[in-house]
Amino acid sequence: MKKRTFTLSFFLLSLLAFSIVTYQKFSRKTVSDLVIIDESLKDFRSLADGLSPGSEVIYVSNSREGFQKLTKQLAARGKAERVHIMTHGTDGNFVLGQTQLNDANIAEHNSFWQSLGNVLEVGKSSLLIYSCELTASRSGEGFVQRIHRMLGVPVAASDDQTGSARRGGDWDLEYVVGKIVKEHVFTILKFNGLLVPAFSQLTGGSSPFSAITISGDDQLIYGDFDADGDIDIHSYPGGTVNEFWQNNGSGSFAKVTGFADPFEKVNENAVFYSASGAFVADWDNDGDDDIYVPMRNSNQNEKNFYYRNDNGKYELLSGASSPFSGINVSGNNQLIFGDFDNDGDVDLHNYPGNNLDNQFWRNNGSGAFSNVTGSQNPFDGLPGKAAFSSAQYAHVEDWDNDGDVDIFVSRVGGNSVRDYYRNDNGVYSLKTGGENPFNGMTIASDNQILSGDFDSDGDIDLHTSDGSVTLVFWQNNGSGVFTQVTGAGNPFNSLPNSGAFYNNAMKAFVADWDNDGDADVFTTNYTGANQKYFFQQNGTPPRITATSPTNAATGISVSSNISLTFSQAVTGAAGKYIQIRRLYDDAVFATIAANSAQVTGNGSNTITIDPTTDLEGGTTYYVIIDKAAFADTEGRIFEGVSGATWLRFTTGIPAVAPTVTTASASEIALTTAKVGGEVTANGGAAVTDYGIVWSTSAAPTIELSNKVGIGSGNGAFSTTVTGLPAGTRIYLRAYATNSIGTSYGSEIDFYTQTSVTSVTRLSSNPTNEGTVSYQVVFAQSVTIDDASVFTMSTSGVSGASVSGISGSGTTYDVSINTGSGNGSIKLEVTGLTGTIPNLNAAFTSADAYTIYKVSNAGDSYRTAVTDGTWNTPGDWQSSQDNSFWITASSFPNASAASTVITSGHTMRMPDNISFNVNNFTVNGLLQSGTGVHSVSGSFDNNGEIRGNATFLHNSFTNAGTLAPGESPGTLAFASEFANTGTLLVEIGGTTAITDYDQFQSGPFTAGGTITVSFINGFTPALGDAFILLDAGIITGTFATVNLPDIAPLIWETTYTDGKFTIRAIIDPMPVTLVDFKASKNESAVELAWTTSSEVNSSHFEIQRSAEGKVWEKVGSVATRNENSEIQRYRFIDPLPLHADNFYRLRMVDTDGTFAFSKIEHVRFADSKGQVKGYPNPVTDRVFLDAPTAGTIQSVQIYSTSGLLHYAGDYTSAGIDVKALPTGIFILKATGADNRVSTFHFAKH
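Residue numbers (UniProt numbering): 1 to 1244.
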């Protein structure tokens, strides 16, 4: 194990801080060319050899961390004139740090695009992407266009192969959005091409399968039959005996017989009569390949034979011994298998025949199968419980690369389909539309399919025939989306017909035949029988060539690291793990992230794994590694290790630290105690030091705590420790040290004299409760030996006493009976000898309780119930401080500090009963009754007051609602009354108070709203008047007056002699004009008016006069006949008179009657000699109002920003302005007398 020191850590932190500061200081300069190179490219460093001087390069490691690091680097950089990205790609997609970037996942990788935008400067920078076929189709072009819009800079990309001409590529970036300078595009002459995984064809004697005879070109099964880690072949050549062809570990095969043949014990050396009915899998989940044969020889009824692999030798289990004995498989081949329920073993999904539903047989983890139905069946939600109707058309793979197996079905019955059954947490569902990646695929005969990781990127691709001469490669994007790739991006591109099969995919077999970690293809019949072509994938993924410790090694040190030697340099990946497991119970000893600090050597061939803790002695371990936990510089992944036999080793028995016990403490004093322990075993090495360590916190150690050395060797020891802190809990352990390490005895603790830490109130304060509590906390745990340790200090109250003590350790709760009366109570701790350990001082500084049980006349009062009566004390609450309230023992009177009717509460005043209060606020509802009430302080209503009461007060403010009487009535306010709220009035006749509501007050400040409604079916007659407010004097007016409709009569409102009166009168005109204004608007006049009522009105005629006597019509505006809200009108007189202009409105009814508005006056300064233009707005030509065109010397037209649009002479034909854009312009005319006139006009 690595041992790190503080000095080294501090040095590294200092170096990191210096690096960060230096990087930030120098990284924000602007560079000409910033080049981003993905390390997955073959010979990627040669790309940098051909760059122009001054270029800066960022290498992106071929890992997810590389992409994340790139995002952070770009976010911290300064600007670049050009950013060049060099990486692999396909149509509409390029890769950085094993992260695919395309139009569909822009939002997912938003932080990267923001960081890239940080480097690029809009209007100055450009982005050049060197990636094969990125814009080969419209979707790729759309992706580049979106990048351009998003980043705001020109973007260039390639629509063909990018790279060396010797590889059929070029350095042209054919597709450009925006403007790119061609000379800025790099040409890298030293780079020999872009890496694209490819297949090569081996035939004849070059094929490792040339010597094998296979009956019918399909009578073979394959798997690791001899349990040596590579793929072997079991075939039927014709005749009577099957053959075993053993892989030598690198893809050459030799026929083996006799004892070395795993099938030596099998009848005829043959586990099958028909290879299509033999299914190879690790059926018993023990790490090797077994074989299930539903029917070996039908003539002998050899049904459900199970050939179990025991260390490379096959044993037949049949009949009741076979775990498949109860399973019926229609046609002996209608089954598929895989880990369908995601529990780590191989299950079986079969059709039993007789038109029954398909069945699911769950593996129990060791090769026993049970038929599972209902919701436990992963296929329960599918029609017929079936993920296939013909097993030969069902393809089981992890199609979406999420770690579980999905199913692609190409035919159901006689119908061609492209059904996709996705596995989501062990439940299958049929995906359609955009969720089905196989939609639209053309597959000849529905079975011309091969699947495997053909491009070595860690996911499953498809190789299919669509019936044409050239075969098709469908590349998986890593999450189950397939794209047809052609040209150099197709790993089969260099093969005849671009295919690893031609006539029959059923005679092409995908496996890692050469044991180099990638998928190859063995084709027995390409275009004819017995051809035995081998299509070998080049670009080998990394594989492990050596380990330390070696497999089956013993006596390994418990502190050893694990070293893995790979065939090529690799880097650990995020989200992938290495596990070290104990063999005897399969328990996980350590789970280590492949990209963590415990895994070193990234970027080299040797990876070292450093567990955080030592292994156990005398224990056998094995190592497993996730698929894709490591990848080489070109993105090819390590296939992983899942078995328990690949790397297994046993640790030795080490010496251990000594065994020591701790003695109990004795003779404990204020700062001393006698302590010790005993060394009972030295652990196989001499004890060089023993003693005790103590601390004021738990688990003291010799490094961090107070150490007292006593001696060495074995046996008991003791000492008196001095210097202990008084009143403190002491933690102490004995220790003993040998060459292996230090051990500690069990921890003891004890106390010196203690103290009270705090006395805290537990109950709310103030309080009217009969009992309150304190919490008393001691510095250490104590036992209360005498309750008299607690005493009380009181004031005002009588009969208070300690009523209860509870708790233990450091914390006790003390209950106090509060007695009677108002006052204060405080708990004190004064009994120094009443606790064990004893106290060193009394505690008398606790906060006291304020006891408040009885209302005082001068308290504050508020309502306590939603519907209460004034003179009922229980309907009120009282408070001494406006924060703690109790149920009142009296109702408020003139001595009360304040009285409040709470929002949502109603307080009723019995008739002929009066109240006398000080400050009074109504936030709820006051039913005031008929009494005469006195308020000596402030008086505010924010809620509602009803009734017929009279209020005697200094001033009253109403922000709520007032509603007199009991239909009708009066509310009287003796003094000043300011209203911002609402007054409600009901009218049922013409006599105040008895027929209609009336407010009476002293000086009244009007505002807010008054709302009138009729009751008892009353309708006023012409001339009826109602005094709604009778005040000493009225100041201002109501902001809103809501009066009921009495058409055809209308209301007249007056504020006279302290009375607000409404009167029913005849409507004098159809329009109620609120205001009418005329004002200058540059050289024009703008008229604006508003109305509040329009009944049967027709239009407004706008009239103008030079002297206010003779009027002319200058325009007309139709009325809207709208009464629900204020209506606003506007009219522009573009050519007013030169001096005085008088305006009025002629308001015309639909029957022709009319009325005039008031007259408005606008005067222009003497305009003699001034030139004006018309029309305004203008569309085609603008003319000038001048005696003759010859009196105008020159004309200029400017935009409002000052830009000159026209300069020239003026003729009577006017000035053509059709070319001007829409907007506001300024015309400047200079006369023959050099007098300048200007005016604005609008161009439409």
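Built from N, CA and C at the ideal position, the CB exists for glycine as well.
Since the model is a prediction, treat every value here as computed from it, not as a measurement.
In the three-state reduction of the DSSP assignment, Gly-381 falls in the coil class, being assigned neither a helical nor a strand state.
Shown here, Trp-171 sits in coil according to DSSP, grouped into three states, outside any helix or strand. For Ile-1033, the three-state secondary structure derived from DSSP is coil. Inter-segment contact for the segment 1035-1053 and the segment 1010-1019 is present: three or more beta-carbon pairs are separated by less than 8 angstroms.
For Tyr-428, the closest of Leu-382, Val-409, Gly-458 by C-alpha to C-alpha distance is Leu-382. Here DSSP, grouped into helix, strand and coil, assigns Thr-547 to strand.
Assigned with DSSP and collapsed to three states, Val-481 falls in coil, not helix or strand. In this structure the segment 633-649 does not lie against the segment 687-705, because fewer than three pairs of beta carbons, one per stretch, are closer than 8 angstroms.
Taking C-alpha positions only, Gln-73 is separated from Arg-422 by approximately 38 angstroms. DSSP places Phe-1060 inside the beta strand (DSSP E), whose first and last residues are 1059-1066.
Assignment of Gly-452 by DSSP, reduced to helix, strand and coil, places it in the strand class.
DSSP places Ile-147 in the uninterrupted alpha helix (DSSP H) bounded by 138-151. Taking C-beta separations shorter than 8 angstroms and ignoring five residues to either side along the sequence, the partners of Leu-1022 in its chain run Leu-1049, Ala-1064, Ile-1065, Ile-1066, following chain order.
Its chain contains Asn-342, Asn-423 as the residues whose beta carbon lies nearer than 6 angstroms to that of Asp-404, once the 5 sequence neighbours on both sides are disregarded; these appear in chain order.
By the Cβ criterion, the segment 651-659 is in contact with the segment 737-744, since at least three pairs of Cβ atoms, one from each stretch, lie closer than 8 angstroms. Pairing Thr-1072 with Ser-1098 gives a Cβ-Cβ distance that is not under 8 angstroms. Of the residues Phe-1183, Asp-400, Ala-227, Arg-636, the one whose Cα lies closest to the Cα of Phe-454 is Arg-636. Here DSSP, grouped into helix, strand and coil, assigns Pro-496 to helix. Note that the C-beta distance between Ser-131 and His-88 is below 8 angstroms. Counting C-beta atoms within 10 angstroms of its own C-beta, Phe-259 has fewer than 16 neighbours from the protein chains shown and is therefore classed as exposed. Annotated as proximal: Gly-499 and Phe-492, with beta-carbon spacing under 8 angstroms. Taking a C-beta distance under 8 angstroms as the contact criterion, Gly-943 and Gly-924 qualify as a contact pair.
Around the Cβ of Asp-514, a 10 Å sphere holds 16 or more other Cβ atoms; the residue is buried. The continuous alpha helix (DSSP H) containing Glu-65 extends over residues 64-76. DSSP places Asn-118 outside any beta strand (DSSP E); the residue lies instead in the alpha helix (DSSP H), whose first and last residues are 110-119.
Going by DSSP, Ser-46 is part of the alpha helix (DSSP H) stretching over 45-49. When secondary structure is reduced to three states using DSSP, Ser-788 falls in the helix class.
Secondary structure of Met-86 (DSSP, three-state): strand.
For Lys-674, the closest C-alpha among the options Ala-681, Ala-663, Val-1195, Gly-684 is that of Ala-663.
A contact is defined here as three or more CB-CB pairs under 8 angstroms, and the segment 825-843 meets this definition with respect to the segment 786-794. Put simply, the backbone Cα of Pro-1175 is about 29 angstroms away from that of Phe-1156.
When C-beta atoms of the segment 864-872 are compared with those of the segment 766-781, fewer than three pairs fall below 8 angstroms, so the two segments do not count as touching. Rounded to whole angstroms, the gap between the alpha carbons of Ser-111 and Thr-71 is 7 angstroms. Taken atom to atom, the span from the alpha-carbon of Pro-1003 to that of Arg-1128 is near 36 angstroms.
Ranked by Cα distance from Gly-440, the options Leu-450, Asp-466, Asn-425, Gly-426 are led by Asp-466.
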